[in-house]
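Visitor: Which chain is which? The protein sequence lines are A and B, in order.
If you're matching positions, the first sequence starts at 411 in this note's numbering and goes up one per residue.
If you're matching positions, the second sequence starts at 411 in this note's numbering and goes up one per residue.
Each residue gets a CB set at the ideal place from its N, CA and C atoms; glycine is no exception.
My questions all concern the structure below.
Number of protein chains: 2
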Amino acid sequence: MGSMIKVVVDAMGGDNAPEAPIKGAVDALDEISNLSIVLAGRTDDINRELGKYTYDKERISIVHADDVIGFDEPPVMAIRKKKNSSIVTGMNLVKHGDADAFVSAGSTGAILVGGQFVVGRIKGVERSPLAPLIPTAKGPALLIDCGANVDAKASHLVQFAKMGSIYMKYVAGVKNPRVAIVNIGAEEEKGNALVKATYPLLKECTDINFIGSIEARDIPKGDADVIVCEAFVGNVILKLYEGLASTLMSKIKEGLMSTVRSKMGAVLIKPALKKTLKQFDTSEQGGAPLLGLNGLVVKAHGSSGSLEIKQAIKQCLQFGEEKINEKIKENLTIE
Amino acid sequence: MGSMIKVVVDAMGGDNAPEAPIKGAVDALDEISNLSIVLAGRTDDINRELGKYTYDKERISIVHADDVIGFDEPPVMAIRKKKNSSIVTGMNLVKHGDADAFVSAGSTGAILVGGQFVVGRIKGVERSPLAPLIPTAKGPALLIDCGANVDAKASHLVQFAKMGSIYMKYVAGVKNPRVAIVNIGAEEEKGNALVKATYPLLKECTDINFIGSIEARDIPKGDADVIVCEAFVGNVILKLYEGLASTLMSKIKEGLMSTVRSKMGAVLIKPALKKTLKQFDTSEQGGAPLLGLNGLVVKAHGSSGSLEIKQAIKQCLQFGEEKINEKIKENLTIE
C-alpha cells in the first residue's frame, strides 16, 4: 500500500445526497486502508447519516459548509457568492494542499468553474478538460474534452491528448493508449480549421501514440482509447450517447411488449439484456476527472448512488498513488 | 396528379449498382404515372439490366456516361476530371433544366462537390447543406447540415433553418415544424461563438417556428423536427447515430446468445426486435437532399437497395410537385 490519500467528498452534491455520498465514503473506507475522507457539507445532516454506519472514526472528518449549490444556479455566480457551499469549501481544502482530491455529484457547471477558479490549473496547463469515460465495444475510452470551455485552440487539444494519454495509461491501465482526434473523415486533409491545425501537431508528439482521425461512427467500436475533441463536440458525443442508448432501449422494450410471442421472449432475455445494457451505460463508467488542476477533481454523475461515489473515490486513490499530476507537469513542460 | 417530373438516376452509383438503381427506377415508374426517368451510366450495362423487366418504354431513357467515380477518389479532382462520369453527366441534365432532380447512391463527396460546381446554387443561397432524415422516437427529423462545408457562419445556419423548415413542411408533411439549434445547454447564453451569434438571428425569423436550443441527448427523443448545426457537428451526430446503434445491437445479440435461457427468448423476440430496429436505422429514412441548388440532388445511402432508390425517387416527386425551390427562392430573398 502507498502513503495515505485524503479525499474530500461533497456530502451535499447530487440527486441522492446526502445518503449516497456518505454511504459511498464509508464503503470506500472499509475497502481501502490507506484512504482518509473529509465530508464537506452540513454537519447535522452528515452526522445523522453517519450514525447509520460503523466505520473507522480516525479516518473520517467533517468540514462544515452551510450552503448548497443547486443544479440550476448560474455556475460563475454560484461559485463567487456561495463561499460556504460544500463545493467551494471542499475545493479550498484541495487548493491549500489539505487534501489530494475532491469528489462531487453536484452541478457540473459549478464544479468546472470551481476547478478553474478555486483549485486552479497546474502552471503551463492552458485549459483543464473534463474527461469522462464512455463505454465502447472494447471497454471504456476517455472522451476529452466535454467541459464548458468551447472554441478551443490547437494547443489546448494537444495538451488534452497528452493528459488523456497519461490518465488512460496510469489510472485505467491501458498500455500505450491509442490517441485519436474526432474528425469527419479518416484522411489528414479532412476536417474543420481546428482539426487541420491540431492534426500535424499531434503527429509530431513523440510521447503519445497518435493513430490519426476517428470518425464518430467508429467511437463505439472502441477504435481509440483517448478521443480528443473540443468541448462542444465532446458534449454532443457524450449526450447523444446517453440519449440514443436510452431512446433505443425504450423503443426495444415497446417492441418486446407488442406481441404475445415477444412478451414471452422478453421474460427469458431480461437478465442477459440487463447485463449488456449496463456495460453500455455512460453513468456506469465512474466519475469524470477534471484534469490539469492543482489536485484532482472528479465529477460523479448527478444520479450517482453510493456505489458510483465509492468508485469515484477509488479513482482518486489511483490518481494519487500514480502521481498523475507530477507526470502531467513533467510532460506538459517538455517540448 | 401534377405535371410530369423527370428524375435522373445514377445507374452506376452505390454498392449495389447497376442492379439496385435500375430496379428502383423501374419500380418507381410502375407506381407513379407522372414520372419519367433518365438513367445515367454505361449504356450496355443499363440495357442488360433493363432487359430483366417490363416497363413503360416511353417514360425511360438512357444518357450514356463512360466513367464512374469511385468512393475513394478525391471528390474535387474527380468532378473536375471525369466529365463523362455518371454523376457529372446526370447533374448536367439538371443544371440545363433537362431534368428536375438527380438521385445517386455514389460517393457523398463527389455528389456534394458536383452539387456546388455542376448544378450550382440558387442565387442568394450561400451554402447548400446536405440534410439527411434521422430516426427519432416521434418519427424522422431533418439534420441540417451534414455536408462537407465546415466552419460555417451564422448567416449560413439561418438559411439552413429556413430551407429545412420548408422541406419538412412540404415534403415530410410536418405542420409548423419545430426548428432547434444544437447546443450544449438549453439557455440562450450557452454555446460556442457560432451558436451564440446564430441564436438571436433565429429568434428574429418570423417565418420559422424556432423553439430554441436542443441538447444532443434530446435529439433521439424527437424534441425537434429541424435540427440546425454546422456540418462538423452534423457529421458527428449522423455517424454516431449509425455507429452507436450498430454497436449496441451487436452487443445485445452477443448478450442474447450468452445463456440457454436468453437464447430461447431470442427466438421469440426476433420478429418484434427486427421491426423496432428498422425504425431506428438511419439508412431506412430515404435519401438525403442537398438543398438550395438549381434543381434537386438526393444522396441515397451507399448500401441502398432498389427499395431505397425507389423511395429517393419518390422524394424528388414530392419536391418537384410542391415547388420547393420556388419556395426557397421566395423565402431566402425576403428579409
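With a threshold of 8 Å between beta carbons, is residue 678 of chain B in contact with chain A?
Guide: yes
Visitor: Let me see if you follow: with CB-CB separation under 8 Å, is residue 671 of chain B close to chain A or not?
Guide: yes
Visitor: Mapping the DSSP letters down to three states, classify residue 485 of chain A as helix, strand or coil.
Guide: helix
Visitor: Output, in chain order, the set of chain B residues within a Cβ distance shorter than 8 Å of residue 570 of chain A.
Guide: The premise fails here: residue 570 of chain A is roughly 16 Å from chain B at the closest Cβ pair, so nothing lies under 8 Å.
Visitor: Am I right that residue 705 of chain A and residue 510 of chain A are in contact with their C-beta atoms under 8 Å? What's the rounded C-beta distance?
Guide: Between residue 705 of chain A and residue 510 of chain A a beta carbon distance of about 6 Å is seen, short of the 8 Å cut, so the two are scored as contacting.
Visitor: Along chain B, which residues have their Cβ under 8 Å away from the Cβ of residue 631 of chain A?
Guide: 653, 657
Visitor: Using beta carbons (cut-off 8 Å, strictly below), is residue 548 of chain A in contact with chain B?
Guide: no
Visitor: With a threshold of 8 Å between beta carbons, is residue 674 of chain A in contact with chain B?
Guide: The beta carbon of residue 674 of chain A sits closer than 8 Å to some beta carbon of chain B.
Visitor: Taking the alpha-carbon positions, what's the residue 669 of chain A to residue 684 of chain B distance?
Guide: 13 Å
Visitor: Tell me whether the beta-carbon of residue 626 of chain B lies closer than 8 Å to the beta-carbon of residue 647 of chain B.
Guide: yes
Visitor: Starting from residue 435 of chain B, trace the alpha helix (DSSP H) in both directions and tell me its first and last residue.
Guide: 429-441
Visitor: Kindly indicate which residue of A:520, A:600, A:659, A:439 has the alpha-carbon position closest to the one of residue 478 of chain A.
Guide: A:520
Visitor: If the cut-off is 7 Å on Cβ atoms, which residues from the stretch 609-635 of chain A count as contacting chain B, listed in chain order?
Guide: 625, 626, 627, 628, 629, 630, 631
Visitor: Could you check whether the Cβ of residue 491 of chain B sits closer than 8 Å to any Cβ belonging to chain A?
Guide: no
Visitor: Among the residues of its own chain, which have a CB less than 6 Å from the CB of residue 488 of chain A, if the five just before and after it don't count?
Guide: 479, 520
Visitor: Is the shortest distance between the beta-carbon of residue 650 of chain B and the beta-carbons of chain A less than 8 Å?
Guide: yes
Visitor: Rounded to the nearest angstrom, what separates residue 518 of chain B and residue 605 of chain A at their Cα positions?
Guide: 21 Å
Visitor: So, is residue 657 of chain B buried or exposed, given that buried needs 16 or more other C-beta atoms within 10 angstroms?
Guide: buried
Visitor: May I ask you to list the residues that DSSP assigns as paired with residue 633 of chain A?
Guide: In the DSSP output, where bridge partners are listed per residue, residue 633 of chain A has none listed.
Visitor: Does any residue of chain B have a CB that is nearer than 8 Å to the CB of residue 637 of chain A?
Guide: no
Visitor: Can you check which of these residues, A:701, A:420, A:655, A:570, is closest to residue 611 of chain A by C-alpha distance?
Guide: A:570
Visitor: So, is residue 729 of chain B buried or exposed, given that buried needs 16 or more other C-beta atoms within 10 angstroms?
Guide: A residue is called buried when at least 16 other Cβ atoms come within 10 angstroms of its Cβ; residue 729 of chain B meets this threshold and is buried.
Visitor: Applying a beta-carbon distance threshold of less than 8 Å, which residues of chain B neighbour residue 499 of chain A?
Guide: Near residue 499 of chain A there are no residues of chain B at all, since even the closest Cβ is about 26 Å away, more than 8 Å.
Visitor: Suppose only complete runs of 3+ residues qualify. What are the beta strand (DSSP E) ranges in the stretch 528-588 of chain A, listed by chain order?
Guide: Fully contained in the stretch 528-588 of chain A are the following beta strand (DSSP E) runs of length 3 or more, in chain order: 551-554.
Visitor: Any idea what DSSP makes of residue 642 of chain A, helix, strand or coil?
Guide: helix
Visitor: Looking only at DSSP bridge pairs, what is residue 590 of chain A linked to?
Guide: Checking the DSSP bridge columns, you'll see residue 590 of chain A partnered with A:622, A:637.
Visitor: According to DSSP, which residues form a beta bridge with residue 450 of chain A?
Guide: A:420, A:473
Visitor: Could you name the residues of chain B that residue 643 of chain A contacts, counting a contact when the two beta carbons are closer than 9 Å?
Guide: 642, 643, 646
Visitor: With burial defined as no fewer than 16 other Cβ atoms inside 10 Å of the residue's Cβ, what is the status of residue 745 of chain B: buried or exposed?
Guide: Interpretation of residue 745 of chain B is limited by its pLDDT of 48, a score under 50 that renders its predicted location unreliable; the figure taken from the coordinates is listed afterwards. Burial call: exposed.
Visitor: Tell me which same chain residues have a C-beta within less than 7 Å of the C-beta of residue 621 of chain A, skipping the five on either side of it?
Guide: 588, 589, 590, 634
Visitor: Within the same chain, show all residues whose beta-carbon is closer than 6 Å to that of residue 747 of chain B, passing over the 5 residues directly before and after it, in chain order.
Guide: The structure shown does not extend to residue 747 of chain B, since chain B is modelled only from 411 through 745, so no value can be given for it.
Visitor: Closest to residue 688 of chain B by C-alpha separation, out of B:549, B:500, B:584, would be which residue?
Guide: B:549
Visitor: Beta-carbon within less than 8 Å of residue 543 of chain B's beta-carbon, same chain only, minus the 5 sequence neighbours each way: which residues are those?
Guide: 550, 551, 552, 553, 582, 695, 696, 698
Visitor: One question on the structure: do residue 707 of chain A and residue 722 of chain A come within less than 8 Å of each other, judged by their Cβ atoms?
Guide: no
Visitor: Which of helix, strand or coil does DSSP assign to residue 495 of chain A?
Guide: strand
Visitor: Beta carbon of residue 466 of chain B, beta carbon of residue 494 of chain B: below 8 Å?
Guide: No, Cβ-Cβ distance for residue 466 of chain B and residue 494 of chain B is not below 8 Å.
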